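Chains as they are written, first to last, in the numbering used here: chain A, 1 to 307; chain B, 1001 to 1307; chain C, 2001 to 2307; chain D, 3001 to 3307.
Even for Gly, the Cβ is constructed at its ideal location relative to N, Cα and C.
Since this is a predicted model, take the numbers as computed values, not measurements.
Data block below; observations after.
Protein chains: 4
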Amino acid sequence: MSNAMKVGVIGLGHMGSGIASSLMRAGFDVIVYNRTREKAAPLVAKGAHLAATVSEACRGDAVITMLADDNAVDEVVSGDGGVLASLAVGAIHISSSTIGVSLSADLTQRHAHAGQRFIAAPVFGRPDAAASGKLFVITAGSREAITTAQPLLDAIGQKTFVVSDTPSAANLFKLSGNFLIATVIESLGEAMALIDKGNIDRRLYVDVLTSTLFGAPVYQTYGTLVAERRFEPAGFAASLAQKDIRLALAAGDALHVPLPIASLLRDRFVALAAQGRDHLDWSAISELAAFDAGSRRPQEQGGSKAA
Amino acid sequence: MSNAMKVGVIGLGHMGSGIASSLMRAGFDVIVYNRTREKAAPLVAKGAHLAATVSEACRGDAVITMLADDNAVDEVVSGDGGVLASLAVGAIHISSSTIGVSLSADLTQRHAHAGQRFIAAPVFGRPDAAASGKLFVITAGSREAITTAQPLLDAIGQKTFVVSDTPSAANLFKLSGNFLIATVIESLGEAMALIDKGNIDRRLYVDVLTSTLFGAPVYQTYGTLVAERRFEPAGFAASLAQKDIRLALAAGDALHVPLPIASLLRDRFVALAAQGRDHLDWSAISELAAFDAGSRRPQEQGGSKAA
Amino acid sequence: MSNAMKVGVIGLGHMGSGIASSLMRAGFDVIVYNRTREKAAPLVAKGAHLAATVSEACRGDAVITMLADDNAVDEVVSGDGGVLASLAVGAIHISSSTIGVSLSADLTQRHAHAGQRFIAAPVFGRPDAAASGKLFVITAGSREAITTAQPLLDAIGQKTFVVSDTPSAANLFKLSGNFLIATVIESLGEAMALIDKGNIDRRLYVDVLTSTLFGAPVYQTYGTLVAERRFEPAGFAASLAQKDIRLALAAGDALHVPLPIASLLRDRFVALAAQGRDHLDWSAISELAAFDAGSRRPQEQGGSKAA
Amino acid sequence: MSNAMKVGVIGLGHMGSGIASSLMRAGFDVIVYNRTREKAAPLVAKGAHLAATVSEACRGDAVITMLADDNAVDEVVSGDGGVLASLAVGAIHISSSTIGVSLSADLTQRHAHAGQRFIAAPVFGRPDAAASGKLFVITAGSREAITTAQPLLDAIGQKTFVVSDTPSAANLFKLSGNFLIATVIESLGEAMALIDKGNIDRRLYVDVLTSTLFGAPVYQTYGTLVAERRFEPAGFAASLAQKDIRLALAAGDALHVPLPIASLLRDRFVALAAQGRDHLDWSAISELAAFDAGSRRPQEQGGSKAA
């Protein structure tokens, strides 16, 4: 399969648009679809084909879905004109959305039944990494389907990790990864609530942490956001992170794995939503530890547009 | 002050012995003291002076204490022949033990009252880093006392971070750091309990994490220990970590900072002690999430020496 | 409406069978339906009419559904021959199952649209209370529908409490009540793990508690089960309680209410399921605190039939 | 031993004063001591003897201590003129304060060494119950010492429960009881945050609960306080309850018993203190669940004197 490979991209949010751009830059023939058509315009201007329907986006060798949640994916996949009804026999559905383990298992079966191939390929990275082809791709599925899809994955990511031959394992990996990141955020929130009252400077605190044992991107990125209380614009909205923690807990339910820190994170995200602040970056849950330690809430300081 | 500076080291466990070695290698005149004298022998063989009493170890320009807990420090500092009674006016007590914020504040006052100087200089790093002078030193106290002590800190650490002019802030920093590490361990325990049941290989899981967003020493070190369930020999015993979480919670109490993840960690360490396994490395708390997910306990597998 | 009122009962588990008996004893004309027909036999022997289909059970003035979970209720209500398609205009669907708030709101709308009346009337009490007409009935819905249904509710319960004119409020009440009971169980489990190690007799402990501040049925019933570790036969299976905690958390999600104790209970029920013991009475979660305190698990003692 | 028995009461807060009154009403010869002497005046006016020192209060057959915390008890017991130095051989120290298990064990040893007898006799009940002799007394110690003290315990309580022959077991019982009550408060706080948003009236909610499964004094008393948000005047201050949860956790530490709900309660009490509201009744922690669900804090409503 050459770079003449034809691929659809369904879902043109920040992540999906970046992925489409990276695919085009790598020379693929890209068909784009989004429910609200305006988001497709910049890509069409750069040479993407515009699909008027989901079905039209499924006329290539593969289609990548990058949508907000389980419902959006299920809706695009099912029914007349959906991905399942439209994709050619042998073509590949590459699911890059962060979806639940049970939906992924369900899609695996339904695509197999339709004679199509299905791999899960969720990604780590923010929108800028998607646009520059620097995502980390976590994938799982049959070896031959992944091999076929590899040129596409190479275009969107700096590296691909094959974690299992069961597609849903990649989704479980992604959910566990977001759980680990949210844990880092919460723990930094608690730690900074503590050192704040001990008269240590927050930025110095993060500098020392990341200069010593915690020199990872996750501490650098979120440590800075937390220290500077910079939660807008949202790189990843708290409402989406809340969904992912819910999916991680649901996976824990199904697999019989208690997840006490995830339970605590769940309550944090619910509390943030209760304050009308879940449009902020997910690192905003770090503020809740400070509120519990007696800091005033943002809306009480007159400075927020939150409800 | 030249390398002819004379310094005592009280407490010759793995960390204290390493520190004494590093000081000698840097050319300082080192007097060592340990309650059980055998531990001093290797250092004396290398040229350290042996102090028969705490008081003798306090006859230099500075004394470093590196002891197991608050009680041990308080005992060495107080009473006839203690550090307070023995140190010269103007000499410096460098407290490198991981002790509580309130004891550190107390020592600050008592040394000031005695005309002595006190800085807190807890460290991050395992025993091998102490022996090779590669610790990270977190210090706080008066600027001039730190400046005086700097050559000593340079000898034991690869870098010194001055975080405050209040000594106890360095202790708070250290406790918060151990809290962050324990959180990483717990979250890896929960995540691995989950991916274990999703048929993802544990070592592969850690490899992918540390190749992407989690490329920090803390994830590399503890991710490997957790993935391989390698908890002996203990680099840092769970019983000591339990003490540190207790001290972090006590600091939270005093400063009015709720710390929900620390509370959860507290319960984990208590549970590990209840299994008679707190002699293991603190990364062993990661197994508790697996037990809760239905794995058998080690002692039930017939393979452990635990009670 | 007289005692000649005709009422269907769908779902003949322990609770539904007891309810049907109580209705018959009060003189109502009762039609019973259960998916597996054998369960209807004892009631038919006592004079109940046997419905071969859901639809036949809906030919009276009212129908009571008492089913295991949301899916079972939705299945019975929807589709050809379902309650919605079968019930006469003006007739009442009395939903006594412990279902989620969102399903209840959904049913309210769908029945209104069909010209039928819908009230929620979940109950507190164990099977023996259902059989003897001694349940506590928590109901919500339009005043006139409740007035019409009152003779039926009087037959099954010792008292009816009207808590709102929105049906789903009764379901929320019921879920919150089960949450409170599960909290009592968990707290007794923790307290008994503690006093066990303090050499206080467990039965004496419960006797003193219930003779003083805790003299409520909930402490008497569950205190005894917990003290005696008597978890079989299950009065209310842990697997069902797990479902209810999940529904309470889902209600909290929807209403933006963090529920930290419910989160903790969730993890306990998942852990019990992981041990293969969720067929036991829900009071069995009390053992988990003891396990965490170092007690051996039942299956390790060779005495349980659990997996 | 007759009613002519002579007894000291040390500590004349609300509880101690009530106890002294009840003892006088029963005909005992009562000597009272309080650090600030004014609190003794009403009792002296009713016929109590005033002790100018702790030592003078120890000249009878028994002395009851009813003090705020471990420090206060330790101070009164130790040193020249303390209870240990003053009590006659064979006389009894009845410790009714809510103190920690380790202090109680310590006092047991020290009194035995001094040839005195020691029993723990903490109580359940609010100040009005102390004044009317209606407390519940939980006691532990040697059988003969309890028999000797029984007339005194009969005077202050409506019922005495002997729970062990190890005095500290009574303290453990008391701490576990306060833990159970605080759990009830927290669970009611969470449940009411939920039903508030489901449009169920809070008072109706409590009425239904206490009319059904939760008909115990603890739900009646605290359910009403929580429903009506009536936290002043404090029957039992949150700051004291915080101390008791801390002591329960310390007992769990020592006995190797993880207590996850107690950990959660700990964080609640710390948060209340951080708001400057720990002078309120301990039932005020119930508000924190409502705050997390988006309610405004009292001080933001302009109605509180809190900091």
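{"Check": "Local Cβ density within 10 Å of glutamate 1287 (chain B), reported as buried at 16 or more and exposed below that", "Outcome": "buried"}
{"Check": "Boundaries (first-last residue) of the beta strand (DSSP E) holding phenylalanine 2161 (chain C)", "Outcome": "2157–2164"}
{"Check": "Residues of its chain near serine 2188 (chain C), where Cβ-Cβ distance is below 7 Å and the 5 sequence neighbours each way are ignored", "Outcome": "Strictly speaking, residue 2188 (chain C) in this sequence is leucine, with serine absent from that position. Cβ within range, chain order: Tyr2222, Gly2223, Val2226, Ser2286."}
{"Check": "Cβ of alanine 3182 (chain D) within 8 Å of any chain A Cβ", "Outcome": "no"}
{"Check": "C-beta neighbour in chain D for glycine 2018 (chain C), strict 8 Å", "Outcome": "no"}
{"Check": "Stretch pair the segment 100–108 of chain A + the segment 64–84 of chain A: three plus CB contacts closer than 8 Å", "Outcome": "yes"}
{"Check": "The alpha helix (DSSP H) enclosing phenylalanine 1291 (chain B), as first and last residue numbers", "Outcome": "1286–1292"}
{"Check": "Secondary structure of isoleucine 1019 (chain B), DSSP reduced to three states", "Outcome": "helix"}
{"Check": "Own chain, CB closer than 7 Å to tyrosine 1219 (chain B), minus 5 neighbours either side, in chain order", "Outcome": "Val1184, Leu1209, Thr1210"}
{"Check": "Identified DSSP bridge partners for threonine 1139 (chain B)", "Outcome": "B:Val1162"}
{"Check": "Chain-ordered chain B contacts of lysine 197 (chain A) [CB-CB under 8 Å]", "Outcome": "Leu1255, His1256, Val1257"}
{"Check": "Opening and closing residue of the alpha helix (DSSP H) in which serine 2078 (chain C) lies", "Outcome": "Run containing serine 2078 (chain C): none; DSSP gives neither H nor E here."}
{"Check": "Close-in-space but distant-in-sequence residues of the same chain around arginine 1025 (chain B) (CB under 8 Å, 5 per side omitted)", "Outcome": "Gly1133, Ala1155"}
{"Check": "Inter-residue spacing [alpha-carbon to alpha-carbon] between arginine 110 (chain A) and phenylalanine 118 (chain A)", "Outcome": "9 Å"}
{"Check": "Limits of the unbroken alpha helix (DSSP H) element including valine 3326 (chain D)", "Outcome": "Since the first and last residues shown for chain D are 3001 and 3307, residue 3326 (chain D) lies out of range."}
{"Check": "Where aspartate 2074 (chain C) meets chain A, residues with beta-carbon distance less than 9 Å", "Outcome": "Within 9 Å Cβ-Cβ: nothing; aspartate 2074 (chain C) doesn't reach chain A, min ~17 Å."}
{"Check": "Three-way DSSP call (helix, strand, coil) for alanine 3091 (chain D) in this model", "Outcome": "coil"}
{"Check": "Cutoff 8 Å: isoleucine 200 (chain A) Cβ touching any chain B Cβ", "Outcome": "yes"}
{"Check": "Arginine 37 (chain A), DSSP secondary structure in three states", "Outcome": "helix"}
{"Check": "Residue ranges of each beta strand (DSSP E) within the segment 108–139 of chain A, 3 or longer", "Outcome": "117–120"}
{"Check": "Chain A within 8 Å of aspartate 3029 (chain D), Cβ atoms only", "Outcome": "no"}
{"Check": "Cβ of valine 1007 (chain B) within 8 Å of any chain A Cβ", "Outcome": "no"}
{"Check": "Among A:Ile261, A:Ala182, A:Val257, A:His256, the one whose alpha carbon lies nearest that of serine 239 (chain A)", "Outcome": "A:Ala182"}
{"Check": "Sequence-distant residues of the same chain with beta carbon closer than 8 Å to alanine 1020 (chain B), five excluded per side", "Outcome": "Val1009, Leu1012, Val1030, Val1032, Leu1043, Ala1048"}
{"Check": "The segment 165–179 of chain A touching the segment 243–259 of chain A, judged by at least three CB pairs closer than 8 Å", "Outcome": "yes"}
{"Check": "Helix, strand or coil at threonine 3053 (chain D) [DSSP, three-state]", "Outcome": "coil"}
{"Check": "Contacting residues, own chain, Cβ-Cβ under 7 Å from arginine 1143 (chain B) (five flanking each side not counted)", "Outcome": "Asp1165"}
{"Check": "Rounded straight-line distance, which links the Cα of glutamine 150 (chain A) to that of glycine 157 (chain A)", "Outcome": "10 Å"}
{"Check": "Run of the beta strand (DSSP E) containing valine 1009 (chain B), from where it starts to where it stops", "Outcome": "1006–1010"}
{"Check": "Minimum Cβ-Cβ distance from methionine 1001 (chain B) to chain C less than 8 Å", "Outcome": "Summary for methionine 1001 (chain B): the model assigns pLDDT 43, below 50, so the residue's position carries little reliability; its value from the coordinates is reported in the next sentence. No, methionine 1001 (chain B) lies away from the interface with chain C (no Cβ there is under 8 Å from its Cβ)."}
{"Check": "Three-state class that DSSP yields for alanine 3237 (chain D) in the structure shown", "Outcome": "strand"}
{"Check": "Alanine 1062 (chain B) - containing beta strand (DSSP E), residue span", "Outcome": "1062–1065"}
{"Check": "Beta-carbon proximity check, phenylalanine 214 (chain A) vs aspartate 281 (chain A), cutoff 8 Å", "Outcome": "no"}
{"Check": "C-alpha distance - glycine 2081 (chain C) paired with serine 2055 (chain C), whole-angstrom precision", "Outcome": "5 Å"}
{"Check": "Three-state secondary structure (DSSP) of isoleucine 3200 (chain D)", "Outcome": "coil"}
{"Check": "Simplified DSSP state of aspartate 281 (chain A), which is helix, strand or coil", "Outcome": "strand"}
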